[in-house]
Each structure stands twice: as structure tokens, then as C-alpha cells.
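Number of protein chains: 2
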Amino acid sequence: MVEPADWRHVTKVDPDKGMSEEKMRDIAVSGTDAVVVGGTQGVTREKVLSLLSSVDADVPVVVEPSNPASAVGAGDALLVPTVLNADTVDWVVGIHKEWARTEDVDWSRVVGEGYIVMNPDSAVGRLTGADTSLSPQEAAGYAEVADGLFDLPVVYVEYSGTFGDTEVIEAVADAVDDATVFYGGGVDGYDRAKEAARYADCIVVGDAVHEKGVDALRETVRGVDDARGV
Amino acid sequence: MVEPADWRHVTKVDPDKGMSEEKMRDIAVSGTDAVVVGGTQGVTREKVLSLLSSVDADVPVVVEPSNPASAVGAGDALLVPTVLNADTVDWVVGIHKEWARTEDVDWSRVVGEGYIVMNPDSAVGRLTGADTSLSPQEAAGYAEVADGLFDLPVVYVEYSGTFGDTEVIEAVADAVDDATVFYGGGVDGYDRAKEAARYADCIVVGDAVHEKGVDALRETVRGVDDARGV
Numbered sequence: 001m002v003e004p005a006d007w008r009h010v011t012k013v014d015p016d017k018g019m020s021e022e023k024m025r026d027i028a029v030s031g032t033d034a035v036v037v038g039g040t041q042g043v044t045r046e047k048v049l050s051l052l053s054s055v056d057a058d059v060p061v062v063v064e065p066s067n068p069a070s071a072v073g074a075g076d077a078l079l080v081p082t083v084l085n086a087d088t089v090d091w092v093v094g095i096h097k098e099w100a101r102t103e104d105v106d107w108s109r110v111v112g113e114g115y116i117v118m119n120p121d122s123a124v125g126r127l128t129g130a131d132t133s134l135s136p137q138e139a140a141g142y143a144e145v146a147d148g149l150f151d152l153p154v155v156y157v158e159y160s161g162t163f164g165d166t167e168v169i170e171a172v173a174d175a176v177d178d179a180t181v182f183y184g185g186g187v188d189g190y191d192r193a194k195e196a197a198r199y200a201d202c203i204v205v206g207d208a209v210h211e212k213g214v215d216a217l218r219e220t221v222r223g224v225d226d227a228r229g230v
Numbered sequence: 231m232v233e234p235a236d237w238r239h240v241t242k243v244d245p246d247k248g249m250s251e252e253k254m255r256d257i258a259v260s261g262t263d264a265v266v267v268g269g270t271q272g273v274t275r276e277k278v279l280s281l282l283s284s285v286d287a288d289v290p291v292v293v294e295p296s297n298p299a300s301a302v303g304a305g306d307a308l309l310v311p312t313v314l315n316a317d318t319v320d321w322v323v324g325i326h327k328e329w330a331r332t333e334d335v336d337w338s339r340v341v342g343e344g345y346i347v348m349n350p351d352s353a354v355g356r357l358t359g360a361d362t363s364l365s366p367q368e369a370a371g372y373a374e375v376a377d378g379l380f381d382l383p384v385v386y387v388e389y390s391g392t393f394g395d396t397e398v399i400e401a402v403a404d405a406v407d408d409a410t411v412f413y414g415g416g417v418d419g420y421d422r423a424k425e426a427a428r429y430a431d432c433i434v435v436g437d438a439v440h441e442k443g444v445d446a447l448r449e450t451v452r453g454v455d456d457a458r459g460v
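Listed in order, the protein sequences are those of chains A and B.
Heads up, the first sequence is in the numbering used here, so the first residue is 1 and it goes up one at a time.
Heads up, the second sequence is in the numbering used here, so the first residue is 231 and it goes up one at a time.
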């Protein structure tokens, strides 16, 4: 089983955007702790399997379906989001119930993630109708529920596409006892990686590797390392 | 900490209905494994504290607030429901987030319960707008989410006031790996206690003790014991 608690830097690759085999190999040795294959739109089994087949890495490669119905059994584990601040029950428990009803889920491969979606203009924000107007204290409240009531191993502050309010990240990190706090959104280089890593346990880099390449990714790894005094 | 996994029979006392000190003492030695103080309507701190103060029992006495905001720090633990099939996010995560935001919650005292509410005419059914038209497979899907994704220690099939569909209870019990399955609703004597105990791990008796008394409660304990060959 994968251990997200040990991760400090994660690279998220969007199968809808694609990634060359060479780049996937470079990512795997960039210093990142895990490769997450996932995205909100146009994620099909074929695209996910194609990406997974191109990785031959020592780092874990995990699949994160926005809807678990598009999940595949490949990869080292399945990260399954529940969007805590969604506006309908579908994204909290509904699609998960349907997934469990229609497939024979191997829960031992599932790592639950309590998402707090904070960017209303992101694909995930629009899709889930998330209440992104949360105060740091409200975000922290959701984080406590994810950690204390649901025992989710990961609490994920998702600003997808924009760099977040560090007060929110800090409040969430302070509220959580056991879960690992992921931060994602706008981490495009050394400075922002270092800044976000001051608060979150693990930084997720996604768009930057698609848009700027693996050199930029390595800079984010360096930022995280420096924030931790590695 | 209390261990719901060890419970086979639980007595639920509604603080809004009240219970004499003498009856509370009789309940505590009836053979029930725990006394749960909780109800959907009119539950105030004063009523809960009054009931708790009248119990001097070897069995655990726990508080189950329908809304955790009415929770008290008394009792041996706090059972906190999340209604998985509610029609709004409020009853799944919303009121819990507000609770965490406004109070300093001691999560080590909290036992999470994944409720599947099945009686549309019950107070909890009306309050939460639960989708009570679930097939056994859908109820089982929610149970898997509660058990596999959220790691809730208790999955609670709640028919509140009427005896349930044993196919639903059985499907839920079959779907769950780790959680303890509670069943509540219409258990008013020996036969129904024995029948429900064929499927669920733990039977909850509520109305019967208020309406029929402690003798009826003892009969339900005997029904559970016989179902288990004790």
C-alpha cells in the first residue's frame, strides 16, 4: 500500500492533456515522491492506462479519478476524493455509493481524500458547485470533520489553477491531527512551492509540468526541500 | 473509550420523553450493553444532563446528538451521526463543520455513525429529507462508503418507529468489512429482536422501553441472546 503520509511533493499528470513517455520518465526521477494520474475532464480508462503504461518508476504511481466510476484497477493505489464543500450530496457520498453499488471495489487499494475546493473558476469548482467563499475557520472545520469524524488519510486544499490563500492552508494544517494535508494550485516554481510547503505537508504540482516542463517541476521539488531544510 | 464493536444490544433513551431514575437503574442492569441518550426533537443540554445524572451503571452511557451542536461533554462518549442518504450536504458534513468551527471538539471522544435512514415518516426521515426509497444494493453501497472510504466505526440502519426490510439489513451487513452494523426500528419484543439480530451486529431498542417498559426491554435482550446462541 502507498503511504501518502510520507509524501512531500506529488506530481499530478492529466491524462486528458497527455504526456510523452520521455517526460514521464523524467518526472519519475525528478525528486517527486509520487505521480498522480488524474484530472477533472475527459479522463477515460484508455488515457489513464496509456499514461500508466509509460511509467516505469521507483516512485508510486496512483490514479485519482474525479468520478470513481472512471477508475481503473491499474496503478499502485486509487486516490478517491470526496468534496466536503460541494453543494450537493453527489460529490460527497453519492457517486461513491453508485460506484460501490455497481463495481466490486477493492477498498484496501483506496486512499480517501477530503477535498476542500477553493477556486470557483476551476473545472472542479464548477463541476461540484463548491462553496469557495469559506473563511479559514470554515475550511478548518471541514478539515476537522475529514480528519476526526471520517478518518480520511488525506485532506486536500485545492485551489486548482491559482495560488491559494496561505491563511486557509495554515488554518487547515493547524486543525488536522492525523491526516496528511495536501495543497494544490498555482505552484509553478521554486518560490510558491517553498511558500506552500511552509504550511502543507505535501505540495501537488500539476499544470506547471504540462505547461512549463520538467525543469520547472524540479524547481518546485527544490522549493519544497528548502522549506523543510532538507 | 467505548467499544461499539463489543455491543450486541443498545437501549436508546429519548431525553425529550424523559425516564424515571428507577427505570434508568433497571435499564442499566437489564442485560443491555450500552445506554444511548439521544433523540431527534427537543433535545436540550439540560434534559441530557438530567438523564445522565440519574444513571449509575456499569454499562457505558453515551450521548448521541441529532445535531452535534446540542452535544454535551458528559457521558462516556459522543456518538455522532452523519446521514449518508440525506438530501442536502448539511446532514452529511455541514452541521459537523459548523460544530467543529464553533466548538473545541475533543475528537478522541467521538464515535462516528454512518446513518442510512429508511423510514420517510420518522422524525429523522423528515428532518434530513433522506432518500428512503433505496434498494438493498443502494443501502449496501452507502454502507461500503461509510466503512471503506470514511472508516466509520458504526453503520446504522435506521427504520425508526417501524420494523425494517430484513433484505436491506442483510445487504448492509454483507457489504461491511470492519464497521459494526447497528439496526434500529420497531424492535418491541423477543421476536423482532431475534429476527433483526440474525443480520445486524447490534440491535437498538428505543420506543419500546418508553412505551412498554423495562420488561419488554428484557425480552429484546433475550431475543438477541437467543439469535446468537448465548
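Ideal Cβ positions, reconstructed from N, Cα and C, are used throughout, including at glycine.
Simplified DSSP state of residue i, which is helix, strand or coil
i: LEU382 of chain B; result: coil
i: THR102 of chain A; result: helix
i: LYS17 of chain A; result: coil
i: SER176 of chain A; result: In the sequence under discussion, the amino acid at residue 176 of chain A is Val, which differs from the Ser named in the question. Correct three-state label for VAL176 of chain A: coil.
i: VAL454 of chain B; result: helix
i: GLY355 of chain B; result: helix
i: LEU84 of chain A; result: coil
i: GLU233 of chain B; result: coil
i: ALA373 of chain B; result: helix
i: LEU134 of chain A; result: coil
i: ALA401 of chain B; result: helix
i: THR166 of chain A; result: helix
i: GLY414 of chain B; result: strand
i: GLY112 of chain A; result: strand
i: VAL460 of chain B; result: coil
i: VAL93 of chain A; result: coil
Contact under 9 angstroms by Cβ, residue i with residue j
i: ASP165 of chain A; j: PRO120 of chain A; result: no
i: ALA140 of chain A; j: ASP177 of chain A; result: no
i: VAL340 of chain B; j: GLY129 of chain A; result: no
i: ASP26 of chain A; j: ARG8 of chain A; result: no
i: VAL205 of chain A; j: LYS47 of chain A; result: no
i: ASP188 of chain A; j: ALA227 of chain A; result: no
i: VAL232 of chain B; j: ASP306 of chain B; result: yes
i: THR44 of chain A; j: PRO15 of chain A; result: yes
i: VAL89 of chain A; j: VAL319 of chain B; result: yes
i: VAL10 of chain A; j: ALA28 of chain A; result: no
i: GLU93 of chain A; j: LEU134 of chain A; result: A quick correction: the sequence has Val, not Glu, at residue 93 of chain A. No, Cβ-Cβ distance for VAL93 of chain A and LEU134 of chain A is not below 9 angstroms.
i: VAL292 of chain B; j: VAL335 of chain B; result: no
i: LYS23 of chain A; j: GLY213 of chain A; result: yes
For residue i, the nearest candidate out of the options (CA to CA)
i: ILE346 of chain B; options: A:MET118, A:LYS97, A:GLU64 and A:VAL172; result: A:LYS97
i: GLY229 of chain A; options: A:THR32, A:CYS202, A:LEU127 and A:LYS194; result: A:LYS194
i: SER41 of chain A; options: A:GLU64, A:ASP76, A:ASP33 and A:THR11; result: Reading the sequence as shown, one finds Gln at residue 41 of chain A and not Ser. Measuring from the Cα of GLN41 of chain A, the nearest candidate turns out to be A:GLU64.
i: SER338 of chain B; options: A:GLY161, A:VAL145, A:ASP191 and A:CYS202; result: A:VAL145
i: ALA197 of chain A; options: A:GLY213, A:VAL105, A:LYS212 and A:THR180; result: A:THR180
i: CYS202 of chain A; options: A:GLU211, A:PRO15 and A:GLU170; result: A:GLU170
i: ASP381 of chain B; options: B:GLU343, B:ARG422 and B:ASP418; result: B:GLU343
i: ARG192 of chain A; options: A:HIS210, A:GLY161 and A:GLU103; result: A:GLY161
i: TYR413 of chain B; options: B:TYR389, B:TYR420 and B:GLU397; result: B:TYR389
i: VAL385 of chain B; options: B:VAL402, B:GLU397, B:ALA438 and B:ASP317; result: B:VAL402
i: ARG361 of chain B; options: B:TYR372, B:SER352, B:ALA373 and B:MET348; result: What sits at residue 361 of chain B in the sequence shown is Asp, not Arg. Checked all of B:TYR372, B:SER352, B:ALA373 and B:MET348; the closest Cα to ASP361 of chain B is B:MET348.
i: ASP87 of chain A; options: A:VAL36, A:MET24, A:GLY73 and A:LEU127; result: A:LEU127
i: HIS440 of chain B; options: B:ASP236, B:SER363 and B:VAL267; result: B:VAL267
i: TYR429 of chain B; options: B:LEU309, B:ALA330, B:VAL454 and B:LEU308; result: B:VAL454
i: LEU309 of chain B; options: B:GLU333, B:GLU368 and B:GLY269; result: B:GLY269
i: THR102 of chain A; options: B:TRP329, B:GLU368 and B:THR332; result: B:GLU368
i: ALA330 of chain B; options: A:ALA143, A:MET24, A:GLY213 and A:ASP58; result: A:ALA143
i: VAL59 of chain A; options: A:ASP6, A:ALA208 and A:SER122; result: A:ASP6
*Below 8 angstroms, can you find three or more Cβ-Cβ pairs linking the region 274-283 of chain B to the region 309-316 of chain B?*
No, because fewer than three Cβ pairs between the region 274-283 of chain B and the region 309-316 of chain B fall closer than 8 angstroms, the two stretches do not touch.
*Using 8 angstroms as the threshold, is the region 212-220 of chain A in touch with the region 249-260 of chain B, meaning 3 or more CB pairs across them?*
no
*Ranges of the beta strand (DSSP E) found wholly within the region 417-449 of chain B, counting only runs of at least 3*: 432-435
*Entirely enclosed beta strand (DSSP E) segments - the region 34-66 of chain A, minimum 3 residues*: With a minimum length of 3 residues, the continuous beta strand (DSSP E) runs that stay inside the region 34-66 of chain A are 34-37 and 61-63.
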